[in-house]
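Peer 1:
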Amino acid sequence: MSRIYDEEWLGQRLRVLRRAPQGWVRAAQELPAARRSLDEIVARAEADLEFRAALIADLENALTQAGFEPGPRALDELRKRLELRGGQA
Amino acid sequence: MSSLDAATDAELVRRCREGDAEAWNALVERFSRYVYAICVKGFRLRDEDAEDVFQDVFTRVYTHLDKLRDDAAVRPWIAQLTRRLCLDSIARGSREQPAPEQDFEETGDDFAEIEEAFAVREAVTTLGEACQEILDRFFAQDQSYRTISAELDLPAGTIASRIARCLRKLREELEGRSEPSGESRE
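Going down the list, the sequences are from chains A and B.
Letter by letter, the first sequence follows residues 4 to 92 in our numbering.
Letter by letter, the second sequence follows residues 112 to 297 in our numbering.
1) Assign residue 193/B to buried or exposed, taking buried as 16 or more other Cβ atoms, counted over all protein chains shown, within 10 Å of its Cβ.
2) Expressed to the nearest angstrom, what Euclidean distance is found between the alpha-carbon atoms of residue 22/A and residue 66/A?
3) Since residue 132/B meets chain A, which of its residues come closer than 9 Å, beta carbon to beta carbon?
4) Could you tell me the distance, in whole angstroms, from the CA atom of residue 129/B to the CA atom of residue 206/B?
5) Pick helix, strand or coil for residue 181/B, following the three-state DSSP scheme.
6) Go ahead and pull the three-state DSSP assignment for residue 196/B.
7) Please report the distance separating the alpha-carbon of residue 145/B from that of residue 17/A.
8) According to the neighbour-count rule (16 or more other Cβ atoms, all chains shown, within 10 Å of its Cβ), is residue 248/B buried or exposed?
9) Taking C-beta to C-beta, are residue 185/B and residue 154/B nearer than 9 Å?
10) Does the Cβ of residue 50/A have 16 or more other Cβ atoms within 10 Å, making it buried, or fewer, making it exposed?
11) Which residues of chain A have a Cβ atom closer than 7 Å to the Cβ of residue 232/B, listed in chain order?
12) Can you name the residues of chain A whose CB is closer than 8 Å to the CB of residue 224/B?
13) Under 9 Å Cβ-Cβ, which residues of chain B neighbour residue 11/A?
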């Protein structure tokens, strides 16, 4: 395929891939750490019935008390994994 | 600049699978603009929907990386995943709030342009940091000569010629790529 890479064509293509918002990129980069944190919470909830009850009663408060600070997406994921959908949250 | 900027897609995927956090950061950095462009340029999603799709794409990439059969095919896989999730988002939106007429029409032009833009961007990464910076500021961030001059501490009168020089180098780089041979290119 032969193509003429003139300045106009190049300029148009360079404008297409704009930076995604920094917060989105950072959140995606922090995914592995966030998932490790979620795994830890779920494992603890399975092993500790008292902790699980506290999570069911007030998810965000129980997490804060336990030293976790998950964001809204992580909270949604956690609700699903703990099967709290439609519950207290 | 990360030492992983020059890594192939396959190498990045392999290192991500081994739990290398730096490689994951680089993979997100490499494909974030691409995923974003598919969401907002290809499918014209609203910001809040685009953000959901964006995060969902990278969550699935992270959790399903083991299932990727060909590490070098990560880009088409990400493209396919993003398109599917964008279509799901549009379908969900129209179920929740039926529009009198659908204002989205998928055309090949925007997607072809995104693919070309990705190839151009890959070529830009070979030009050196100074060119990458000035081209990105001028074209992708819409910065004026004055802003670029102030932020990069360069004489204002030289910005246009620097951009022209970088574009020339970019053209030479692209013309030198006579046929698709990189493993990350389709």
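From the three backbone atoms N, C-alpha and C, an ideal C-beta is built for every residue, glycine too.
These numbers were taken from a predicted model, which means no experiment stands behind them.
Peer 2: The relevant details are as follows:
1) buried
2) 33 Å
3) 32, 35, 36
4) 40 Å
5) coil
6) helix
7) 12 Å
8) buried
9) no
10) exposed
11) 20
12) 15, 16, 19
13) Ordered by position in chain B, no residue passes the 9 Å Cβ test against residue 11/A, which lies about 10 Å from the chain.
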